[in-house]
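For reference, the structure is listed below as structure tokens.
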Amino acid sequence: MDTMIELPAMRRSAELAPNTADADSRTVEVVWSAGARVRRATFFGEPYDEELSLDPAHVRLDRLNAGAPFLKVHELDTLDAVIGSVVPGSARIENGRGIALVRISERADVEPIWRDIQAGHIRAVSIGYQVHRFEVSKLEAARELWRAVDWTPFEVSAVAVGADPAAGFRAQHPLHDCVLHRRDAPTEQGAFPMTDKTESPARDAAPATTQPTEPVETEDTTMTEPKAAPDPRVAAAETRAQPKGNTPAAPDTEAVATRAREAEHDRVSTIYDLAGRLNLERGFAEDLVKRGVSVDESRRLILDQVAAKSDETRTFPHVSVPLGGRDERITRRDAVANALLHRYSPTLFQLEDAARQYRGMTLLELARESLGNAGVNTRGLSRDEVATRALHSTSDFPEILSAVTNKTLRQAYEAYPRTFMLFCRQVLATDFKAMHRVQLGEAPQLLEVGESGEFKRGTLGESKESYKVKTYGRVVAITRQTLINDDLDAFTRIPAMYGNSIAQLESDVVWGIITANPAMADGNALFHTTHKNLAGTGAALAVEAVGAARAAMAKQTGLDKKTVLNVRPAFLIVPASLELKAEQLVAQNLVPAATSSVVPQSIRTLAPISEPRLDAASETAWYLAASPNQIDTIEYAYLEGQQGAYIETRNGFDVDGVEIKCRLDFGAKAIDWRGLYKNPGA
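Quick note on numbering: the sequence shown equals residues 1 to 682 in UniProt numbering.
Here it is in structure tokens:
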């Protein structure tokens with residue numbers, strides 16, 4: 001008869017073999033099971049014996065061979081608890097024992113654990129497993145035997161002492177379906193055949209071919225014995241060999257000790273099992289074990305503790321939403337990207353707590369991890385195959401690379417000094433069509449209106465300037481060779497260089513307007529005597545020359561050639577060769593100066609702008625510019641929604657990797673000449 005029940009994942013003790021530790025590959029062998037029988041207990045039901053079949057057909061090794069985690073004391077709530085992993089393909093069953101090879105992480109915080117394993121200080125290991133099907137039998141006057149004939153080991157943990165037999169293993173879904181196949185009452189031979197393994201846990205744990213010095217798997221227990229328990233068959237044989245008669249045989253002290261250990265083992269197992277299933281703190285169960293509380297009394301105390309916790313905390317149905325609406329996948333992806341950015345520049349990108357577990361991993365290790373998170377089995381894949389699949393699969397790795405390149409490019413783009421932004425005005429373009437900017441004239445002067453007089457109509461003068469946004473771009477390729485070689489510069493420093501290049505392009509376009517002196521809509525150059533913004537005779541940068549330029553800007557008139565605009569300059573623009581002189585000119589006087597040397601406060605209010613691109617055109621020419629809030633000067637535009645540098649990624653076709661396209665949609669034009677003034681200098 002088959003019965004469907006729900007069971008939690010369980011734990012069993014295992015053992016490291018320190019003598020198999022390989023310092024070069026950082027690997028060590030683990031005997032993760034020998035199939036020994038262990039006592040289990042339901043909450044109020046009768047205890048039963050559990051036995052894990054080590055028939056290869058009964059054990060699902062897929063999760064171990066897929067690189068199951070090697071944890072620190074079964075911790076599931078933090079990624080820092082992962083201290084290694086099972087080497088893919090190494091889990092196997094040999095001579096009735098489950099064996100696997102574990103590779104230890106190279107993280108700095110794991111190094112002390114690795115040294116203790118090599119030295120033999122850490123030997124205890126515990127496995128987590130799920131049972132999918134039990135075959136249940138019962139012999140006369142004996143408890144039930146539950147033999148797992150379909151089960152899955154899924155993690156291995158290093159523990160200080162193997163003292164947690166059958167503890168409930170808390171996970172996101174703590175219960176799983178398990179089939180109990182019950183047979184009829186046994187005949188004389190028994191409905192359930194008792195193999196050597198079920199008769200003798202000791203022989204199962206230590207086959208005849210095993211040397212005495214080899215590690216033998218035992219069940220978790222809080223008791224430690226200097227000597228292993230004797231084989232029950234030996235005790236039975238000794239009992240049968242005793243002579244029959246009325247004379248009582250001498251008590252077998254070894255058998256008495258064995259029964260006492262078994263009874264204590266049952267008590268400890270039951271207490272830990274009950275406390276674990278009800279999610280009580282381990283310290284509560286440890287206290288019951290240390291005080292020697294009986295099983296019945298422990299059940300009562302555990303129920304009281306559960307009731308007390310229930311009174312303390314009332315729970316209500318609710319839906320859990322991750323903080324900020326972010327799921328685990330996005331959080332993990334951002335953490336990996338942050339670890340790479342911190343590795344690129346620790347001063348620019350601070351390491352976040354979630355990223356600490358990834359900071360020591362190479363690009364190829366991160367690629368393998370991303371494939372594993374996406375459900376791709378990387379067991380047996382070469383470095384080249386891992387890199388290729390990571391760049392062309394549904395894993396998060398291409399998005400991680402894109403995020404890293406985007407941030408490094410954006411950071412470099414924003415860090416580059418763009419001096420034109422102070423005296424120019426930014427706008428957004430909705431498309432790539434030509435944008436027409438109207439240069440508004442002044443309002444017509446008001447005329448006197450006599451009694452019963454008529455208001456006369458006036459018109460606004462205007463002049464049109466037009467320009468459009470252009471697209472600039474390049475493609476950066478990240479190939480599989482980059483991952484294999486762990487070349488972080490390929491997608492951090494190179495994108496940063498492109499960020500600088502994009503910012504330089506914007507400056508080239510804007511300052512090119514100043515140096516090229518292009519024609520305006522009226523057919524005259526931007527700086528022209530007709531526009532009254534070009535000095536007729538060049539003069540060196542000095543108070544008198546700046547005063548004359550300021551006066552010329554103030555006298556600028558509207559399009560009607562009559563209305564005085566009184567444009568006030570706000571910026572003094574000079575080439576790099578005149579930067580020091582400009583700063584001295586506008587500096588505050590620290591000591592009294594001669595009257596002829598006094599710089600008026602109005603000139604000191606000018607903000608100096610030094611631009612080395614002006615030196616290529618002239619090292620003596622200098623300029624004045626008004627604030628764009630008073631009058632139009634030069635206008636620059638980005639495409640709406642694409643302000644500044646923008647990148648896109650796709651799986652490469654021409655290159656074996658990922659292509660990252662850097663793009664800039666940008667345009668600029670001088671809108672009005674009256675807010676600018678040039679002196680050729682001398």
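All C-beta atoms in this analysis are idealised placements derived from N, C-alpha and C, irrespective of residue type, glycine included.
| message | My output table needs one value for V543: the three-state DSSP class, helix, strand or coil. | response | Position 543 of the sequence shown, counted from the start, is the residue given in the question as residue 543. The answer is helix: DSSP assigns V543 an H, G or I state.
| query | Roughly how far, in whole angstroms, is the beta-carbon of A158 from the beta-carbon of K290, given that I think they are within contact range, below 8 Å? | reply | Along the sequence shown, read from residue 1 onward, the residue named residue 158 stands at position 158. Along the sequence shown, read from residue 1 onward, the residue named residue 290 stands at position 290. About 24 Å; that fails the 8 Å criterion.
| field | For S33, the first and last residue of its enclosing alpha helix (DSSP H) | value | To locate residue 33, count along the sequence shown from 1; it is residue 33. It is not in any alpha helix (DSSP H) - S33 instead sits in the beta strand (DSSP E) that spans 27-33.
| query | Around the C-beta of N338, are 16 or more other C-beta atoms found within 10 angstroms, so that it is buried, or is it exposed? | reply | The residue labelled residue 338 in the question sits at position 338 within the sequence shown. N338 is buried by the Cβ-count criterion.
| query | Do the CB positions of E50 and R37 come within less than 8 Å of each other? | reply | Locating residue 50 in the sequence shown gives position 50, counting from the first residue. Locating residue 37 in the sequence shown gives position 37, counting from the first residue. For E50 and R37, yes; Cβs fall inside 8 Å.
| task | Have a look at I113 and M497 and give me their C-alpha separation to the nearest angstrom. | result | Taking the sequence shown and counting its residues from 1, one reaches residue 113 at position 113. Taking the sequence shown and counting its residues from 1, one reaches residue 497 at position 497. In a straight line, the C-alpha of I113 is about 42 Å away from that of M497.
| said: Can you tell me where the alpha helix (DSSP H) holding W511 begins and where it ends? | reply: The residue you call residue 511 lines up with position 511 of the sequence shown. Counting along the chain, the alpha helix (DSSP H) containing W511 begins and ends at 493-516.
| Nearest to A503 by CA position, among D522, P417, V449, K456, is which residue? | Stepping through the sequence shown from its first residue, residue 503 is reached at position 503. Cα-wise, what sits closest to A503 is P417.
| task | Report the rounded CA-to-CA distance for R550 versus L505, giving the unit in angstroms. | result | Translated into positions along the sequence shown, residue 550 becomes position 550. Translated into positions along the sequence shown, residue 505 becomes position 505. Cα to Cα, the separation comes out at about 31 Å.
| query | Beta-carbon separation of residue 686 and C424 under 8 Å? | reply | Given that the chain is displayed from residue 1 to residue 682, the structure contains no residue 686 and the question cannot be resolved.
| message | Ignoring anything shorter than 3 residues, give me the beta strand (DSSP E) runs that lie fully in the region 124-149, in order along the chain. | response | 124-138
| said: Which residues does DSSP list as the beta-bridge partners of W151? | reply: Working through the sequence shown from its first residue, we reach residue 151 at position 151. W151 is bridged to V59, V131.
| query | With a CB to CB cut of under 8 Å and the five nearest residues on each side skipped, what residues in its chain are close to A548? | reply | Locating residue 548 in the sequence shown gives position 548, where the first residue counts as 1. Excluding sequence neighbours, A548 sits near A535, A539.
| said: With a threshold of 6 Å on Cβ separation, who are the neighbours of A617 within its own chain once the five nearest residues in sequence on each side are excluded? | reply: Here the question's residue 617 lines up with position 617 in the sequence shown. Once the five neighbours on either side are set aside, the close Cβ partners of A617 are T515.
| field | Extent of the continuous beta strand (DSSP E) to which R107 belongs | value | Start at 1 with the first residue of the sequence shown, and residue 107 comes out as number 107. Careful: R107 lies outside any beta strand (DSSP E) and carries neither H nor E.
| task | Kindly identify the DSSP beta-bridge partner or partners of M435. | result | Residue 435 sits at position 435 when you count from the first residue of the sequence shown. BP columns for M435 point to Y467.
| request: Note the first and the last residue of the continuous beta strand (DSSP E) segment covering P569. | output: Mapped onto the sequence shown, residue 569 falls at position 569. Per DSSP, P569 belongs to the beta strand (DSSP E) from 569-574.
| said: Let me check understanding here. Comparing Cα to Cα, which of Q630, A434, N485, V136 lies closest to D384? | reply: Within the sequence shown, numbered from 1, the residue matching residue 384 stands at position 384. For the residues Q630, A434, N485, V136, the minimum Cα distance to D384 belongs to N485.
| said: If I follow the unbroken beta strand (DSSP E) through N665, where does it start and stop? | reply: As a working note, residue 665 is residue 665 in the sequence shown. At residue 665 the sequence reads Asp, which differs from the Asn that was named. Segment 657-670, the beta strand (DSSP E) holding D665.
| query | Does H265 have its Cβ less than 8 Å from a Cβ in chain B? | reply | No chain B appears in the structure shown, which is made up of a single protein chain.
| For the beta strand (DSSP E) that K72 lies in, which residues bound it at each end? | Indexing the sequence shown from 1 puts residue 72 at position 72. Taken as a continuous stretch (DSSP letters only), the beta strand (DSSP E) holding K72 covers 69-72.
| Under the rule that 16 or more other beta-carbon atoms within 10 Å means buried, what is G96, buried or exposed? | Position 96 of the sequence shown, counting from 1, holds the residue named residue 96. Per the 10 Å Cβ criterion, buried.
| task | Pair every Cβ in the region 555-567 with every Cβ in the region 602-609, then say whether three or more of these pairs are closer than 8 Å. | result | no
| said: Using DSSP's beta-bridge definition, name the partner residues of D266. | reply: Here residue 266 refers to the residue found at position 266 of the sequence shown. D266 is not bridged to any residue.
| request: Closer than 6 Å by C-beta to T434: which residues in its own chain qualify, once you throw out the five before and the five after it? Chain order, please. | output: Counting from one through the sequence shown, the residue named residue 434 turns up at place 434. The sequence shown places Ala at residue 434, rather than the Thr named in the question. S466, K468.
| task | Out of G681, L52, Q642, point me to the one whose CA is closest to A582's CA. | result | Residue mapping note: residue 582 aligns to position 582 of the sequence shown, counting from 1. Comparing Cα positions, the closest option is G681.
| task | On the DSSP bridge assignment, give the partners of S157 in chain order. | result | Reading the sequence shown from its first residue, position 157 is the one you call residue 157. Partner(s): L71, S126.
| query | Do you know how far the Cα of L278 is from the Cα of V306? | reply | Along the sequence shown, one-based indexing puts residue 306 at 306. Along the sequence shown, one-based indexing puts residue 278 at 278. Using only the alpha carbons, I get a separation of about 7 Å.
| message | Please determine whether the Cβ atom of Q411 lies at a distance below 7 Å from any heavy atom of the ligand COA. | response | No copy of the ligand COA occurs in the structure displayed, which carries no ligand at all.
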